[in-house]
Amino acid sequence: MSINGSRFRFKGEQNIIRGLQNMHNQDVVQENWRMWKHGKQWLYASSAILAMGIGMGLSTTTVQADTPSNTQTTTTAVQSVAKPATTTTTGTTNAEQSGTVAETDQVPSIDPAADQPTKTDVAISQTPAADSDTENSEDEPVVPEEGTDTEDNETEEPTEEETDYGESPVINEDGTVTFSYEGDETTETVNVAGSFNGWEATAFSMEKGEDDVWSVTVDVTPGVYEYKFVVNGDNWINDPANDIIAGNDGNNQLILPGLIIEGDKDVEPGATVTLTATYVNDEGEKEVVDADFALATEIAGVTIAGNKVTISEDISPATEIIIDATFDGDKATHTIFVADEMYEYTINYMRPDGQQADWGLWLWTADVDGSAYAFGEESTGGYVQSTVSFASDKLNLITRLGNWDSQEADRVITIPEGEKSVEVWIVGGNPEVYYSLDDVELLDQRYIELTYVRKNNDYEDWNLWVWGTGVKDNEILFDEITDKGAVVRIPVGYSTTKIGFKIRKGDWVEEDPFNEDRYIDIPLGEMISKVTIEEGKGEYFAVPSIDGPVLEDGNATFFYRDPELFLTSDMDKIENVQLKITANDNADVYDMEYDEVNEYWYYTIDNIEPGDYDYTFLVTVDGKTEEVVDPYNTNEDGHSTLLFAQPTVTAETSINRKAISYNENAVVTIASEVSDDYELRAAYIDLTPVADQHKWQSIRN
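First residue of the sequence shown? That's 17 in my numbering, and the numbers climb one at a time after it.
See the structure below:
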């Protein structure tokens, strides 16, 4: 069979990483593939050998391309299970399992379905990176963004003195705000994300002007905000022209003085709306003031007395009422829309950590911009509750802590057909919206278990500063001091895949010698991820996750881990594990070995024959042996299986432009066919002859 290919035109290392990451499909297949960084600033693709690896399942083969075009047929191994996350730096390694480092990227694979014939184009560029020392840094905001997860895309940030395009941000006479950023030849997009737009990475898109200066002018309600620039879709940086930083979070701050008017925006005929005026001064301090309110245009059936707007029951639906407010020379407007139908939403919220009273809501519809709403008193079962009304039968919401100190994933509430109201229940960290209290599923809490090792064993007043957990951000104290170091379990949300952290003493009295922002990847589905951080080291060890057997070079390695014992760090209670594998009604039993560092039992079958295998584990605890399936690889029938096949792969490669300079592109084209109805999953380019000793991986559409 054949598949469709992908065509990339990249400039430099950062664009290659970004291009590959932007291709991954969000919810299709939960398999992971790895992308290696070559770490070089220059590539030379002239007459060097270009090796193309075709990845089937988790195994690879190499197709040599000594000339601009070459065809080769090869046999490739296929397995039906995903490989556990492997990494570049290990504490202890067994059968290709290893611990992770902070700089490692993982991107989910995309849907293997594709059309015929196959054609994959990959462009290689020669643009040097600006500064290789910054390739592993990341400056993402404290508030996490869904689906933004690379720490390899940082560019060097100029200081405020280095900018020559003026100030940023600039508050204009009409109250709008202009943000500016000086890009370079690699800059493709620039956005402004902050607490004024829900930290949306694609909002407030800048336009490119003269001399690579990008800018955007936007309307922002007066207030105190934090923000960052998002360059090329995934590179979060500070505004180089703004040296005002908000507290310890590292985000830029914007103070926009002025008048804020708050009150209902969607109402029914006959409603009375109470307006509140708040003034924000130049220091960002807020004060409720006695503003003057008046109708911008007189409307029959609408009157204003003080701060109350009374709307007649006889007013026509779809009427828009604009209120002008003034205070001490400042002006503001508030718009009220009279809807024909209003829908009532009752939202109940509860958190596993019991801190639901500290959280609030950010609500919006297709026609109403986002606004903050508070929860009220506790309702049944410890939930806090808020009841709101909108003219839309679909309501978007984000639960957030404080002023975007932390946030959860977007949720959507839909009014049932034929109804005018709905009551829902949501649980912190769980992305589901439940329309019945009886349906609420209280999932087990997920954790990161972090161990911090100091050379002098002095842990007094040391703590963590974390963000993006989806549960509790900012300061986290260590739970206990053990002979292995200071240990803490950090609760994370059910859909959290990465958190950021720094290690500090007291309230930033001192920091770990490696004082850059670091990030921990958390595989979805794992209830606990365990990492060890050593003082002054950027790389850290992470106990690898398990996702079934691993097939590598014709050898099959099986892993066993008890999820409950792993969660409680009691894997050493298991006395013995045997692998029982069955093919064609013949069963073989093998003794497995225990890896204490990686906390799993493992066994490798060398040169395994192609076939369809069922397997189980014979696990002995307290002298009792029980036969169990693989908890990380169980199908709908309750069986654990491994499919190993060796289809034939035919691949033809060609390079358009055999020689390129540092600022030019070369396009690699791959045409391939796979026998026995198997599908090509990935193609690799081995850049060893032209760069370093790592592979770039390209995945197709």
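All C-beta atoms, glycine included, are put in the ideal place defined by N, C-alpha and C. In this text the structure is predicted, and so the values were computed from the model without any measurement.
Residue i versus residue j - alpha carbon distance
i	j	result
Thr-205	Ile-671	29 Å
Ala-373	Gly-317	40 Å
Thr-498	Thr-485	24 Å
Thr-685	Tyr-700	12 Å
Ile-515	Pro-333	47 Å
Pro-185	Glu-242	12 Å
Thr-430	Asn-446	18 Å
Ile-676	Thr-669	18 Å
Asp-533	Asn-490	13 Å
Phe-574	Trp-478	40 Å
Leu-379	Asp-280	13 Å
Pro-368	Gln-423	15 Å
Ile-187	Leu-272	7 Å
Val-404	Asp-692	57 Å
Where the beta strand (DSSP E) containing residue i begins and where it ends
i	result
Pro-507	501–508
Ile-686	681–690
Asp-346	346–354
Phe-574	571–576
Gln-269	267–272
Glu-198	193–198
Ile-671	664–672
Asp-298	Looking at the DSSP string, Asp-298 is not in any beta strand (DSSP E), and its letter there is neither H nor E.
Ala-341	336–343
Ile-562	Ile-562 -> no beta strand (DSSP E), and no H or E assigned at all.
Leu-703	Here Leu-703 belongs to no beta strand (DSSP E), and DSSP marks it neither H nor E.
Asp-537	534–537
Nonlocal neighbours in the same chain, by C-beta distance under 6 Å from residue i, ignoring five residues either side
i	result
Thr-319	Thr-326
Tyr-576	Val-593, Trp-617 and Phe-633
Gln-401	Asn-364, Gly-392 and Ser-395
Val-690	Met-17, Pro-663, Val-665 and Leu-696
Lys-500	Thr-467
Ser-656	Tyr-631, Val-645, Asp-646, Asn-649 and Thr-650
Extent of the continuous alpha helix (DSSP H) run through residue i
i	result
Glu-615	That residue, Glu-615, is in no alpha helix (DSSP H); it is neither H nor E in DSSP.
Glu-580	579–583
Proximal residues to residue i (C-beta, below 8 Å), its chain only, five neighbours per side dropped
i	result
Asp-426	Glu-162, Asn-412, Leu-413 and Ile-414
Lys-347	Leu-275, Asp-340 and Ala-341
Ala-118	Low confidence applies to Ala-118: its pLDDT is 39, below 50, so where it sits in the model is not reliable, and the reading given next is rough at best. Cβ neighbours of Ala-118 beyond the five flanking positions: Asn-152, Glu-167, Arg-534, Tyr-535, Ile-536, Gly-554, Glu-555 and Tyr-556.
Gly-199	Val-206, Lys-224, Asp-228, Val-229, Trp-230 and Val-247
Residue i in three-state terms, based on DSSP
i	result
Gln-80	Below a pLDDT of 50, predicted positions are generally treated as unreliable, and Gln-80, at 33, falls in that range; the measurement from the model is reported next regardless. Strand at Gln-80.
Lys-589	helix
Leu-696	coil
Tyr-451	coil
Ala-603	strand
Gln-372	helix
Glu-226	helix
Thr-396	helix
Asp-622	coil
Gly-444	coil
Ile-315	coil
Tyr-389	strand
Gly-516	strand
Leu-658	strand
Tyr-648	coil
Sequence-distant residues of the same chain with beta carbon closer than 7 Å to residue i, five excluded per side
i	result
Gly-225	Ser-231
Glu-615	Val-559, Arg-577, Phe-582 and Met-587
Thr-704	none
Pro-647	Pro-579
Gly-376	Ala-388, Tyr-389, Ala-390, Phe-391 and Arg-416
Gly-191	Gly-274
Proximity of residue i and residue j at Cβ, strictly below 7 Å
i	j	result
Ile-549	Tyr-451	no
Tyr-475	Phe-406	no
Tyr-365	Tyr-399	yes
Ser-211	Trp-481	no
Leu-595	Asp-628	no
Tyr-556	Val-547	yes
Asp-308	Thr-349	no
Val-504	Phe-494	yes
Val-246	Ala-217	yes
Val-635	Val-644	yes
Val-305	Ala-293	yes
Val-525	Lys-589	no
Lys-324	Thr-351	no
Thr-203	Thr-233	no
Ala-572	Ile-624	yes
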